[in-house]
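Here the structure comes first, spelled out in structure tokens, and everything after it is commentary.
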Amino acid sequence: MTASPFAAEDRPRSHHGEYKVPGGKLVVVDFDLVDGVLADVSLSGDFFLEPDEALPAINRALTGLPESTTAAELSEAVTASLSPGAVLFGFSADAVAVTVRRALAKATSWTDHHWNIIAPTVLSTHINVALDEVLTEEVGAGRRHPTLRFWDWEEPSVVIGSFQSVRNELDPDGVARHGMTVVRRISGGGAMFMEAGNCITYSLYLPQTLVDGISFADSYTFLDAWVMAALEKIGVTAFYVPLNDIATDQGKIGGAAQKRLANGGMLHHVTMSYDIDADKMVEVLRIGKEKLSDKGTRSAKKRVDPLRRQTGLARTEIIAAMMEVFTERYAATPSELTAAELTAARDRVTTKFGAEDWLHRVP
-9 MTASPFAAED RPRSHHGEYK VPGGKLVVVD FDLVDGVLAD VSLSGDFFLE PDEALPAINR
51 ALTGLPESTT AAELSEAVTA SLSPGAVLFG FSADAVAVTV RRALAKATSW TDHHWNIIAP
111 TVLSTHINVA LDEVLTEEVG AGRRHPTLRF WDWEEPSVVI GSFQSVRNEL DPDGVARHGM
171 TVVRRISGGG AMFMEAGNCI TYSLYLPQTL VDGISFADSY TFLDAWVMAA LEKIGVTAFY
231 VPLNDIATDQ GKIGGAAQKR LANGGMLHHV TMSYDIDADK MVEVLRIGKE KLSDKGTRSA
291 KKRVDPLRRQ TGLARTEIIA AMMEVFTERY AATPSELTAA ELTAARDRVT TKFGAEDWLH
351 RVP
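For the sequence shown, the numbering used here assigns the number -9 to the initial residue and increments by one for each residue that follows.
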């Protein structure tokens, strides 16, 4: 009989998980599950770790933990196992926790889901905002596949964050003079100045299992890795400026916001400037000196650098490039809004997003 090239400890384990850290390395965890606890845990990957003794220490720390251990508790166990001065490069204790949760099927990866993609359809800004809540609920309830939807709209609009003050963020004279539609969304973050054809906005509706164990800050980079690749494809090297700004060396091009719902659905949406009228923007928005100072600039107009100037491409071409990259990466299939979803969104505008008490809930 030919001897096996594998030692007994190298045999395949019953649970296997992988996680590619955004901008970092691949983390792999294998283990058995015996009577509800992790057994024979083996961590591996193309990361860097010093000292060598840290690897078996992490394995020992994870072995024996119950399968119900949360991502935060897993991360704490890894951190506690490390000696002073230990260095994790290309990964982190949180990344190990995500990988273990994936192996346990408590967390999911992009490829675990069937993705839909919805091309831009002209709708009112109120409907677009309402759809974000409706579709996030649908995904959380399992009635819709995780979905990427691109917005389109015609009326000049400002979409303010869930916790922003109307009077502090908007100049009423500028809003009236330029005929701006003002809507409050469900996610936090700052105001979005959105004229028709001058922005690119998309929304991701996903289960929270996709970001299980990933920190709130890291989830932004993780969920937008595909769009960074799409921008790179059209000649724009973009990166995140913590927490939620997307920028290039030339300036800010966009911002992201998120909302997690109690039913397990999650919204992640992004607006990028394509050809913004910066003069009009500063007449409509009150952009405080404190915020500008924090961003390292003295002028709100100079802070934004639109994609049209950087690429020379039509807005439709940029959106097409984004849709192509997302489709190729995640095998997404085309989808459309259903009649029921649109009806629900219209009802939500009547009862919530078009109501004065919602708009002025933070006066």
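For every residue, glycine included, the Cβ atom is placed at its ideal position computed from N, Cα and C. No experiment lies behind these values; they were computed from the predicted model shown.
Under the three-state DSSP convention, the category Arg3 falls into: coil
Beta-carbon proximity check, Thr115 vs Val173, cutoff 9 Å: yes
Reduced DSSP category for Met170 - H, G, I as helix; E, B as strand; rest coil: coil
Distance, Arg157 Cα to Ala95 Cα: 46 Å
For Trp100, the residue or residues it bridges with in DSSP: Answer is none; Trp100 lacks a bridge partner.
Outcome for Ser32 when other beta-carbon atoms lying within 10 angstroms are tallied against a minimum of 16: buried
Touch test, the stretch 227 to 235 against the stretch 79 to 96, Cβ-Cβ under 8 Å, three pairs minimum: no
DSSP beta-bridge partners of Gln248: His258
Length of the line joining the Cα atoms of Thr59 and Arg50: 15 Å
Same chain, Cβ closer than 7 Å to Pro56, five either side skipped, listed in chain order: Gly26 and Val27
Three or more C-beta pairs below 8 Å linking the stretch 132 to 147 and the stretch 190 to 206: yes
CB contact flag (Ser152, Arg175, <9 Å): yes
Touch test, the stretch 181 to 188 against the stretch 68 to 81, Cβ-Cβ under 8 Å, three pairs minimum: no
Pairwise C-alpha distance: Trp143 and Thr333: 18 Å
Nearest candidate by alpha-carbon position, reference Val217, set Pro353, Ala304, Ile190 and Asp202: Ile190
Cβ pair Asp392, Ser325 closer than 9 Å: The structure shown does not extend to residue 392, since the chain is modelled only from -9 to 353, so the question has no answer here.
Proximity test, Met218 beta-carbon vs the ligand GDP heavy atom, cut-off 8 Å: The model depicted lacks the ligand GDP and carries no ligand whatsoever.
Alpha-carbon spacing of Thr171 relative to Ala120, whole angstroms: 14 Å
Alpha carbon of Trp348 to alpha carbon of Val112, nearest angstrom: 24 Å
Same chain, Cβ closer than 7 Å to Phe316, neighbours up to 5 away in sequence not counted: Ile107, Leu138, Trp216 and Ala322
Start and end residues, alpha helix (DSSP H) containing Ala29: Where Ala29 is concerned, there is no enclosing alpha helix (DSSP H), although the beta strand (DSSP E) it sits in stretches over Val27 to Gly35.
Residues bridged to Ile190 [DSSP beta-bridge criterion]: Met262
Buried versus exposed call for Gln240 [16 or more other C-beta atoms within 10 Å across all chains shown]: exposed
Opening and closing residue of the beta strand (DSSP E) in which Pro110 lies: Asn106 to Val112
Beta-bridge partners of Phe21, as assigned by DSSP: His5
Three-way DSSP call (helix, strand, coil) for Val315 in this model: helix
Cutoff 9 Å: Gly151 Cβ touching any chain C Cβ: Although the question refers to chain C, the structure presented lacks it and comprises just one protein chain.
Three-state secondary structure assigned by DSSP to Val148: strand
Residues of its chain near Thr211, where Cβ-Cβ distance is below 6 Å and the 5 sequence neighbours each way are ignored: Pro12 and Tyr230
Thr126 versus Gln198 - alpha carbon distance: 10 Å
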